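Residue numbers (UniProt numbering): 1 to 349.
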């Protein structure tokens, strides 16, 4: 009889952690019976599209989560963020809890109410997953959970990414983009800084074109900044895209301006398509990027622009980096190794 796995997430929209949860559910559907639990919201469309069983959560608190656990009776609770982990630990039901940490926020490095609460709740976790060694290095509580800690980098289905990149996308404006931003328009992803970098590049290089894929709280501010910097003919804002890969494929460079990043799934997907990724020197990103030239100081748009223009203007350098990122992904992205790691964690005790 298949074990029952309840995947719990506190967000109601689709992004990196949600993509990983989807991937685990689909990859293990022959071995485990899984259900996705989160607050109601835009995520429901993605769940329906992927035929993933879903239980809507009225509120992310121990009372409502315990009620779902009591009714669904999971063998394993797989919590995909800090809040979901803590709420799982507070439930009164005794089952195997896996805390899967995809994020690497700055507060993780210091003793504060958030880290104290997670450390107290960690007593209930059978296993803890970090998606990168960066989180292991920087989290203040790593030593306390070392005996239950597993570093499991996210797996990307390269063949699926490549196939989807070939599909037509009606949103894609004809022609090719020089720069692409793929992610939620929220503070931690810092889309406003991406716009400043585009402005700096466009000031030095003619006919630059950029695209921003995603939705979020900062959409209005992004639109206002684009207007103020007179970039309306330079930057296309195309909103959330179920399949962003055709846009990535038609972009020369992906720029990630994140203030912190646990793993950087977009970077891996872009690299799988042979795209150089320019990013900030934070979290899992600094362990992912191939060439040092791709690490930029996002706080200095002019300095960032110089590095980007250097690659855009040199075909030989661009092709060298493109080949290197593709090779790195092919060498380090193993589905069998990833599935074995998850299976060992699920079957532990």
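Cβ atoms here follow ideal geometry from the backbone N, Cα and C, with glycine treated the same way. Since we're looking at a predicted model, the values are computed, not measured.
| Check | Outcome |
| --- | --- |
| Beta-bridge partners of residue 355, as assigned by DSSP | What is shown of the chain runs 1 to 349, which leaves residue 355 out entirely. |
| Option in 77, 19, 111 and 230 with minimal Cα separation from residue 98 | 77 |
| Beta-ladder partner(s) of residue 3, from DSSP | 32 |
| Residue 39, DSSP secondary structure in three states | strand |
| Residue 96, buried or exposed, once every other Cβ within 10 Å from all chains shown has been counted against 16 | buried |
| For residue 270, the residue or residues it bridges with in DSSP | According to DSSP, residue 270 bridges with nothing at all. |
| Distance between residue 79 and residue 72 (C-alpha atoms, nearest Å) | 15 Å |
| Per-residue DSSP class, three states only, for residue 80 | coil |
| CB contact flag (residue 248, residue 180, <8 Å) | yes |
| Counted within 10 angstroms of its Cβ, other Cβ atoms place residue 100 as buried (16 or more) or exposed | buried |
| Under 8 Å between C-beta atoms of residue 84 and residue 10 | yes |
| Integer Cβ distance of residue 258 from residue 199, believed to fall under 8 Å | So it is not a contact: roughly 19 Å between Cβ atoms. |
| Residue 104 vs residue 260 beta-carbon contact at 8 Å | yes |
| Coil, strand or helix - residue 96 by DSSP | strand |
| Beta-carbon proximity check, residue 321 vs residue 278, cutoff 8 Å | no |
| Contacting residues, own chain, Cβ-Cβ under 7 Å from residue 111 (five flanking each side not counted) | 140 |
| Of the residues 143, 306 and 255, the one placed nearest residue 281, counting alpha carbons only | 255 |
| Proximity to residue 93 [Cα-Cα], best of 114, 208, 64 and 131 | 64 |
| Distance between beta carbons of residue 273 and residue 162, contact taken as under 8 Å | 7 Å |
| Separation of residue 158 from residue 203, as counted between CA atoms | 35 Å |
| Euclidean distance between Cα positions of residue 14 and residue 46 | 7 Å |
| Unbroken beta strand (DSSP E) run spanning residue 252, endpoints | 251 to 256 |
| Rounded C-alpha distance that separates residue 310 from residue 192 | 22 Å |
| Check: residue 297 C-beta below 7 Å from any heavy atom of the ligand NAP | Ligands are entirely absent from the displayed structure, and the ligand NAP is therefore not among its contents. |
| Distance between residue 297 and residue 313 (C-alpha atoms, nearest Å) | 20 Å |
| Inter-residue CB distance, residue 216 and residue 186 (contact presumed, cutoff 8 Å) | 4 Å |
| As assigned by DSSP and simplified to three states, the class of residue 50 | coil |
| Three or more C-beta pairs below 8 Å linking the segment 16 to 29 and the segment 221 to 228 | no |
| Contact check, residue 8 vs residue 88, beta carbons under 8 Å | yes |
| Three-pair Cβ contact test at 8 Å for the segment 223 to 239 versus the segment 126 to 135 | no |
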